[in-house]
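S.K.: In our numbering, the protein residues as written are 6 to 696. Glycine included, each C-beta is placed from N, C-alpha and C at the ideal position. Below is one structure. I have some questions about it.
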């Protein structure tokens, strides 16, 4: 679901402008307290302007204030609308996938044609070459090539097959070859595409805890300035009475509303929603679907990353490269037994053993005895596969410790030479698998994998972020230690079972740390559900996709590192713009208030008094100061929209250095920018005779 649309694409821009007006609906505005109060202020000034116009006393100042206050509200709506725009465009694309599809539902051995909308969870459907898969489900029979480009954006077809971790299929994708039988796993309207549409449209986006906390802060600041502005007329009257200068301070409704709008945090109030939406959008454009903004935020606070070794740290798809015989046996004996023991092993490693045996020893035809054999498939718990042949012969192939336990249960012996071979392979960073025939060890299979280029530097970057990395692998400790040292991870979990993964996550969380992990199999589902950020691979099982709170459509486990960076960028952007907004308010306070009271205590009929020294910006008049501040307040929102959508640039570093950098740029910059901007606008207004 890759999108090439630009932020300022003309269609998106037009849609955002129209949505800006639609969002003037009070039912929409009230979700944002700051902008709701701004809109009420704009409405109040509009009423005053209409009253003055009917009385023939309408001033240009009131007209301009009215227009700029409404522009402030519209610009805030625009920032949210433009952030939602790309999501809506993606949703439109997805909706086109929901065509009316006819499904071939199986009832016993009989097929019937039904609408895809009539399918229910648990129904069995048949899909053949050219068919559109009618609903999300699991392949229960067969293997097929499937086109998922409409969702992932990748033109290359993928393989979907029964069993294993690549059995999940998505409604709306198309079968390119062969035949599969699919069990529907969702009710109508609950499919993956339906959920994606809801997420990218923002319909199901809930405010995150950080947004709620910040919203409370903004409401509190707004309440404070409401009190300040509400009491200002009384203070002005008192000061005028002491000075004997009635009317020296302008405290009309347009002035007071303008002052309130300039002092409350309208900048961050107008951009807050856009920041949250754009964070999810940045993930979506990287083909990651987050089920909630909470998950994106949690990614920014992650302390520990759990990563599978195969396919994440290494290139994956470990390949058998050598058969190492035990004493008394040949490499051909080891290869023949390993091949038979791997026939029921659907993992890439198991398949590579069969291929190597064929290529090295021309072992191609099945033995006659295998027709009555009982195959033992590989599982994450047993970490072995094998076959039980007629006559009581049992072949096993798997991890050294598990096979050793099997041999000892058969009252067999474990040669020291096999231990040496296992250690040699493990120290080389390979994975040793031991092959046995009943109580006898036949030899070792050497599986080789390669650490990805540049992965060590990426882990070093994570370390600079303060994130600890833990490699998860089913390998023995020696192999795991060798790969961990080469890759530069901080820790590793060897011979990991699903229960061990879950226990490790809980252990880290009990220590107050936030944990992220990736997974694609049903056995990863408990750990994905337990992790604070669980990224499920789209190629994985339905159980894994439902357990995680993110789905990677590209099924690239290393993308977890990008997800963490986007989460941190989201938090930094929100913090930076909040700092900028509050700093702006402070600067605008010192720009407006002195200009308002500059005429107090004037002597000898002068226009200004001693308080005019506080008007160090030299603003032309109280009206021009207020109008300049209101204009600046509106324009700064629209000026910051690209930054809110793009996000503050994130560089790996300590929290202290990042805080210092942002305070310098957005804190100090937020104080300086209004002084410069308001002064320039004041000069322009005077030059154009608008104030």
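How long is the line joining the alpha carbons of residue 50 and residue 43, rounded to whole angstroms?
M.R.: Each residue's alpha carbon lies about 11 Å from the other.
S.K.: Where does residue 110 sit, in a helix, a strand or coil, going by DSSP?
M.R.: strand
S.K.: Between which two residues does the beta strand (DSSP E) carrying residue 451 extend?
M.R.: 445 to 453
S.K.: Do the region 637 to 647 and the region 73 to 83 make contact, defined as three or more Cβ pairs closer than 8 Å?
M.R.: Flag = yes, the region 637 to 647 and the region 73 to 83 touch.
S.K.: Smallest Cα separation from residue 680: which of 653, 669, 626, 594?
M.R.: Relative to the Cα of residue 680, the nearest Cα in the group 653, 669, 626, 594 belongs to 594.
S.K.: Return the CA-CA distance between residue 45 and residue 691, expressed in angstroms with no decimal places.
M.R.: About 29 Å.
S.K.: Pairing CB atoms from the region 337 to 348 with CB atoms from the region 400 to 407, are three or more of them under 8 Å?
M.R.: yes
S.K.: Excluding the five sequence neighbours on either side, which residues of its own chain have a C-beta within less than 6 Å of the C-beta of residue 24, listed in chain order?
M.R.: 86
S.K.: Candidates 30, 260, 55, 39: which alpha carbon is nearest residue 219's?
M.R.: 39
S.K.: Buried or exposed, going by whether 16 or more other CB atoms sit within 10 Å of the CB of residue 271?
M.R.: buried
S.K.: Should residue 285 go down as buried or exposed, given a rule of 16 or more other Cβ atoms within 10 Å for buried?
M.R.: buried
S.K.: Classify residue 15: buried if its beta carbon has 16 or more other beta carbons within 10 angstroms, exposed otherwise.
M.R.: Residue 15 comes out exposed.
S.K.: Just list the alpha helix (DSSP H) runs in the region 371 to 434, keeping only unbroken ones of 4 residues or longer that don't cross its boundaries, in chain order.
M.R.: 405 to 414, 421 to 432
S.K.: For residue 431 and residue 478, I'd like the C-alpha separation in whole angstroms.
M.R.: 13 Å
S.K.: Helix, strand or coil for residue 698 per DSSP?
M.R.: Outside the modelled stretch of the chain, which goes from 6 to 696, sits residue 698, for which no answer is possible.
S.K.: Which of helix, strand or coil does DSSP assign to residue 31?
M.R.: helix
S.K.: Report the option in 262, 141, 244 whose CA atom is closest to the CA atom of residue 75.
M.R.: 262
S.K.: Rounded to whole angstroms, what is the Cα-Cα separation between residue 34 and residue 294?
M.R.: 27 Å
S.K.: In the DSSP assignment, find the unbroken alpha helix (DSSP H) run with residue 240 in it and report its ends.
M.R.: 214 to 248
S.K.: Which one or two residues does DSSP pair with residue 117 in a beta bridge?
M.R.: 110
S.K.: Check whether the Cβ atoms of residue 573 and residue 304 sit closer than 9 Å, and answer yes or no.
M.R.: yes
S.K.: For residue 393, collect the residues of the same chain with a Cβ closer than 6 Å to its Cβ; drop the 5 residues on either side in sequence, then sort them by chain order.
M.R.: 379, 399
S.K.: Quick one: grab the DSSP three-state call for residue 351.
M.R.: coil
S.K.: Taking Cβ to Cβ, would you say residue 73 is nearer than 9 Å to residue 677?
M.R.: With contacts defined as CB atoms closer than 9 Å, residue 73 and residue 677 fail to qualify as a contacting pair.
S.K.: Short of 8 Å in beta carbon distance, which residues of its chain neighbour residue 136, apart from the five on each side in sequence? Order them along the chain.
M.R.: 109, 179, 180
S.K.: What's the gap between the Cα of residue 532 and the Cα of residue 507?
M.R.: 5 Å
S.K.: Count the other C-beta atoms from every protein chain shown that fall within 10 angstroms of the C-beta of residue 191, then say buried if there are 16 or more, exposed otherwise.
M.R.: buried
S.K.: State the Cα-Cα distance for the pair residue 481 and residue 534, rounded to the nearest angstrom.
M.R.: 26 Å
S.K.: Taking a contact to mean a Cβ-Cβ separation below 9 Å, would you say residue 435 touches residue 326 in this structure?
M.R.: Yes, Cβ-Cβ distance for residue 435 and residue 326 is below 9 Å.
S.K.: Give me, in chain order, the residues of the same chain whose beta-carbon lies closer than 6 Å to that of residue 581; leave out the 5 immediate sequence neighbours on both sides.
M.R.: Counting only Cβ-Cβ distances below 6 Å, and skipping sequence neighbours, we find 653, 667, 671.
S.K.: What is the rounded straight-line gap between the Cα of residue 373 and the Cα of residue 395?
M.R.: Residue placement at residue 373 is poorly supported in this model, since its pLDDT is 48, which falls under 50; the coordinates are not used for a value here.
S.K.: Along the chain, where does the beta strand (DSSP E) that runs through residue 145 open and close?
M.R.: Run containing residue 145: 142 to 152, per the beta strand (DSSP E) assignment.
S.K.: Measuring straight from C-alpha to C-alpha, what distance separates residue 694 and residue 687?
M.R.: 10 Å
S.K.: Please state the DSSP three-state secondary structure of residue 626.
M.R.: coil
S.K.: Can you look up residue 324 in the DSSP assignment and give me helix, strand or coil?
M.R.: strand
S.K.: Beta-carbon within less than 7 Å of residue 499's beta-carbon, same chain only, minus the 5 sequence neighbours each way: which residues are those?
M.R.: Contacts found: 478, 480, 481, 482, 485.
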